[in-house]
Amino acid sequence: MPKLAEFRKGAWGAFEQAGLPTTRQEEWKYTSLARISSTLGETWWTAAEPTGLTTDDIDALAIPDLDAWRIVFADGRLVSSASSLPAGAALTPLSELLATNGEQAVKALAWDADAPLFNGALAANSALAEDGVCLCLADGVKLDKPIYVLHIASQSGASHLRHGLWLGKEACAHVIEHYAGVNEEPGLTHAVTLVHLGDAAQLTHDRLQDESLKQFHLGRLDVWQGRDSNFTSHAIALGASLARLDIAVDLAGPGAACKLDGLYMPTGRQHSDHHTQIDHRAPHCTSREHYRGVLDDRAHGVFNGKVVVHKGASGTDSAQKNANLLLSDKAEIDAKPELVIHHDDVKAAHGCTIGQLDDKQLFYLKSRGISAEEARQMLTFAFADEVLTGISLPALRRFIEKAAFSKLPFGTDAEAMLG
Amino acid sequence: MLKIENLHASVDGKKILKGINLTVKPGEVHAIMGPNGSGKSTLSNVIAGRDGYEVTAGSISFHGQDLLAMEPEERAWAGVFLAFQYPVEIPGVNNVYLLKAGLNARRKHQGLEELDAMEFMQLVREKAKLVELDQAFLSRGVNEGFSGGEKKRNEIFQMAVLEPSLAILDETDSGLDIDALRVVAGGVNKLRAADRAVVMVTHYQRLLDYIEPDLVHVLVDGRILKTGDRKLALELEKRGYDWVREEAHA
Numbered sequence: 009m010p011k012l013a014e015f016r017k018g019a020w021g022a023f024e025q026a027g028l029p030t031t032r033q034e035e036w037k038y039t040s041l042a043r044i045s046s047t048l049g050e051t052w053w054t055a056a057e058p059t060g061l062t063t064d065d066i067d068a069l070a071i072p073d074l075d076a077w078r079i080v081f082a083d084g085r086l087v088s089s090a091s092s093l094p095a096g097a098a099l100t101p102l103s104e105l106l107a108t109n110g111e112q113a114v115k116a117l118a119w120d121a122d123a124p125l126f127n128g129a130l131a132a133n134s135a136l137a138e139d140g141v142c143l144c145l146a147d148g149v150k151l152d153k154p155i156y157v158l159h160i161a162s163q164s165g166a167s168h169l170r171h172g173l174w175l176g177k178e179a180c181a182h183v184i185e186h187y188a189g190v191n192e193e194p195g196l197t198h199a200v201t202l203v204h205l206g207d208a209a210q211l212t213h214d215r216l217q218d219e220s221l222k223q224f225h226l227g228r229l230d231v232w233q234g235r236d237s238n239f240t241s242h243a244i245a246l247g248a249s250l251a252r253l254d255i256a257v258d259l260a261g262p263g264a265a266c267k268l269d270g271l272y273m274p275t276g277r278q279h280s281d282h283h284t285q286i287d288h289r290a291p292h293c294t295s296r297e298h299y300r301g302v303l304d305d306r307a308h309g310v311f312n313g314k315v316v317v318h319k320g321a322s323g324t325d326s327a328q329k330n331a332n333l334l335l336s337d338k339a340e341i342d343a344k345p346e347l348v349i350h351h352d353d354v355k356a357a358h359g360c361t362i363g364q365l366d367d368k369q370l371f372y373l374k375s376r377g378i379s380a381e382e383a384r385q386m387l388t389f390a391f392a393d394e395v396l397t398g399i400s401l402p403a404l405r406r407f408i409e410k411a412a413f414s415k416l417p418f419g420t421d422a423e424a425m426l427g
Numbered sequence: 071m072l073k074i075e076n077l078h079a080s081v082d083g084k085k086i087l088k089g090i091n092l093t094v095k096p097g098e099v100h101a102i103m104g105p106n107g108s109g110k111s112t113l114s115n116v117i118a119g120r121d122g123y124e125v126t127a128g129s130i131s132f133h134g135q136d137l138l139a140m141e142p143e144e145r146a147w148a149g150v151f152l153a154f155q156y157p158v159e160i161p162g163v164n165n166v167y168l169l170k171a172g173l174n175a176r177r178k179h180q181g182l183e184e185l186d187a188m189e190f191m192q193l194v195r196e197k198a199k200l201v202e203l204d205q206a207f208l209s210r211g212v213n214e215g216f217s218g219g220e221k222k223r224n225e226i227f228q229m230a231v232l233e234p235s236l237a238i239l240d241e242t243d244s245g246l247d248i249d250a251l252r253v254v255a256g257g258v259n260k261l262r263a264a265d266r267a268v269v270m271v272t273h274y275q276r277l278l279d280y281i282e283p284d285l286v287h288v289l290v291d292g293r294i295l296k297t298g299d300r301k302l303a304l305e306l307e308k309r310g311y312d313w314v315r316e317e318a319h320a
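Heads up: the protein sequence lines correspond to chains S and L, in order. First residue of the first sequence: 9, per the numbering used here; consecutive thereafter. First residue of the second sequence: 71, per the numbering used here; consecutive thereafter.
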């Protein structure tokens, strides 16, 4: 049997053994995936048909004015006609690797049952992924422009995507993952990104999930960091009926630093879950995490941020913040910071807040002639925007701000407020 | 312009104001002085419409309208401005945006055309000079990271932009060093106008060295016990408040 086929079979076996996680597992206590199979059927993993989207349809969904290499996946498959790959062989679509090179494809599809937050879905992704971005940057290579990966769900069925970002020593890149959707029938996006950062490599990773309210979204981001490497992540979750994102960062080399920022804004009956785990394995690593949630209607949010300081990780410096704003008394948040420390001589702080809009601030704005509704809107947006200020590309930040703004219930003009 | 009659108000069931009578005419500057806990801030907050203050009797009319029936933003549109004793920080809400939204809401309410961005910025630059406010503060979050003096200066700057017909300055002098006090008071003086009244609530007569009041009221135990001119403030400075209380009970 060819190596790839054998590997896929093994991954599927691992999935069958582990299955999809259930609410009996601690990490999945608040998020039930039973709805996926009850909505999409027993063979929920069945891939969507090839897309009928035109280039115009795609352009309409893309972030405007973004100076970047754009790679488009529609319903889980590369749309070459709408994509522009950077010059050189640094970037290869997974579908190409699958067709031509078994060895590298196996590397791209790796799964690890010992990975933090491992669950059967990761193995299923290894068995089923059909396409994705494989970016290999050699030592010292700096990409001239960001890579903008646009995923569009346009119909029912599943999209299994696998991205791999390998950055060599001192390499530098900026990758944007944007998940959009126009489907009116339920579907599933199942996207896994593996990141490997060599010594002193730098990666900025912005992830925007703004899919249709019919979509289920399972996402995963596994990051391995070498010595003195730097990883910055923004994870924004606005769409989907049920969305779960797992982020696991392995600070494996001394002096590595990561910064994880995130925003979730579920409304209606949306369910939005973020689980993050940062492992401080080496000395003198730094981690910063700041997640904010705005929850309205009967939405349910989950945030779990685990930081593990392993034996020998001297000089660890870790800080985590999670703040939640409840706009409705029926909205619900399960927030849990977790700190596991196996070493002395570390600096680790965490804080978690759940609250409502501040009466003093509301009165101040009203006393200046701002209507009650607009005052609520301004304060809510200001709360959410605090985690968006770190997004370095103005076109991207503006796009996300507008998308976030349009989710607020108060209905004032985003253009006016954003200036 | 402002007529307060027999105003009684409670906070958490505790009676704070026990029959306030006060009439303010356009162009006048009033100082309301009194010891801590006499009800000075409660009066300011009741006029501005803050939640948590229960008016149990009396009335406030402003330009003939029933002020107590109006929402805080409606009072602002009608021309009431409160300079806060403790201005709150609002990170993420831009100072200039707040003022533009506030001013245009008021103009819209008055049937005036909204100012465009250019006109508004011109106005803002002009008014910032009045209180010597650094342009850099304009683009920051409302009071975010401002020192005590900068916050008070920002309040007077907002007053200058919003051009109220009635400005209530709640302990605007407290916590200011002498230079900041001079700048803030100078700003207020420049904003004095024939159609604008100012009510200063203060604990210290020092402010009155900089802003000359037409009338001085002594507020003790929720009532105005005595009204006089500038000389009354000097007497309070010298003799404290007890004699006013004794005189009233005599």
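All residues carry an ideal CB built from backbone N, CA and C; glycine is no exception.
Asked: For HIS78 (chain L) and GLU225 (chain L), the rounded distance between their alpha carbons; Found: 28 Å
Asked: C-alpha distance - GLY261 (chain S) paired with LYS344 (chain S), whole-angstrom precision; Found: 27 Å
Asked: Where ALA175 (chain L) meets chain S, residues with beta-carbon distance less than 7 Å; Found: GLY377, ILE378, SER379
Asked: Neighbourhood of HIS279 (chain S) by C-beta, 6 Å cutoff - its chain only, sequence neighbours within 5 removed; Found: LEU250, HIS308
Asked: Where TYR372 (chain S) meets chain L, residues with beta-carbon distance less than 8 Å; Found: PHE154, PRO157, VAL158, ILE160, VAL212
Asked: Contacts of GLN369 (chain S) in chain L (Cβ-Cβ under 7 Å); Found: VAL158, ILE160
Asked: Proximity test, Cβ basis, 7 Å: ARG195 (chain L) and chain B; Found: Absent from the structure: chain B. Protein chains present are S and L.
Asked: ILE117 (chain L) beta carbon less than 7 Å from that of ILE238 (chain L); Found: yes
Asked: Every unbroken beta strand (DSSP E) within the segment 194-255 of chain L, with a cutoff of 3 residues, ordered by chain; Found: 236-240
Asked: Straight-line Cα distance separating GLU220 (chain L) from VAL231 (chain L); Found: 16 Å
Asked: 3-residue-minimum beta strand (DSSP E) runs that sit fully inside the segment 332-388 of chain S, ordered along the chain; Found: 340-349, 355-363
Asked: MET188 (chain L) in three-state terms, based on DSSP; Found: helix
Asked: C-alpha distance - LYS37 (chain S) paired with GLY27 (chain S), whole-angstrom precision; Found: 16 Å
Asked: Spatial neighbours of THR388 (chain S) in its chain, beta-carbon cut-off 8 Å, leaving aside the 5 residues before and after; Found: VAL302, LEU333, LEU335, LEU365, LEU416, PHE418
Asked: is_contact[ASP393 (chain S), chain L] using C-beta, thresh 7 Å; Found: yes
Asked: Burial state of GLY60 (chain S), where buried means 16 or more other Cβ atoms lie within 10 Å; Found: exposed
Asked: Beta-carbon neighbours of PRO142 (chain L), restricted to chain S and to distances below 8 Å; Found: PHE371, LYS374, SER375
Asked: Beta-carbon gap between ASP139 (chain S) and LEU86 (chain S) smaller than 7 Å; Found: yes
Asked: Closer than 9 Å at the beta carbon, the chain L residues around LEU387 (chain S); Found: ILE160, GLY162, VAL163
Asked: Three CB pairs or more closer than 8 Å across the segment 196-216 of chain L and the segment 239-252 of chain L; Found: no
Asked: Under the three-state DSSP convention, the category LEU137 (chain L) falls into; Found: helix
Asked: Reduced DSSP secondary structure (H/G/I, E/B, other) of TRP77 (chain S); Found: strand
Asked: Per-residue burial, TRP313 (chain L) [other beta carbons within 10 Å of its own, 16 or more giving buried]; Found: exposed
Asked: Cβ neighbours of CYS360 (chain S) in the same chain (closer than 7 Å, five flanking residues each side left out); Found: ASN330, ALA343, PRO345
Asked: Where the alpha helix (DSSP H) through MET171 (chain L) begins and ends; Found: One detail in the question is off: residue 171 (chain L) reads as Ala in this sequence, not Met. From DSSP, the alpha helix (DSSP H) with ALA171 (chain L) extends over 165-179.
Asked: Spatially closest choice to THR93 (chain L) from L:ALA198, L:GLU202, L:HIS287, L:GLY107, by CA coordinates; Found: L:HIS287
Asked: Identified DSSP bridge partners for THR272 (chain L); Found: L:MET103
Asked: Beta-bridge partners of LYS301 (chain L), as assigned by DSSP; Found: Bridge partners of LYS301 (chain L): none, in fact.
Asked: Chain S contacts made by the segment 112-133 of chain L, where a contact means CB separation under 7 Å; Found: ALA118, ARG120, ASP121
Asked: Amino acids of chain L, ordered along the chain, whose beta-carbon sits closer than 7 Å to that of GLU382 (chain S); Found: ALA171
Asked: Close-in-space but distant-in-sequence residues of the same chain around ALA146 (chain S) (CB under 6 Å, 5 per side omitted); Found: GLY176
Asked: Three-state secondary structure (DSSP) of LEU48 (chain S); Found: helix
Asked: Residues near LYS153 (chain S) by beta carbon distance below 7 Å, same chain, minus five either side; Found: ASP75, ALA76, TRP77
Asked: Beta strand (DSSP E) runs contained entirely in the segment 240-321 of chain S, provided each spans 3 or more residues; Found: 250-259, 265-272, 279-288, 294-303, 308-317
Asked: Span of the beta strand (DSSP E), counted from its first residue to its last, around LYS84 (chain L); Found: 84-94
Asked: Span separating the alpha-carbon of GLU14 (chain S) from that of SER45 (chain S); Found: 27 Å
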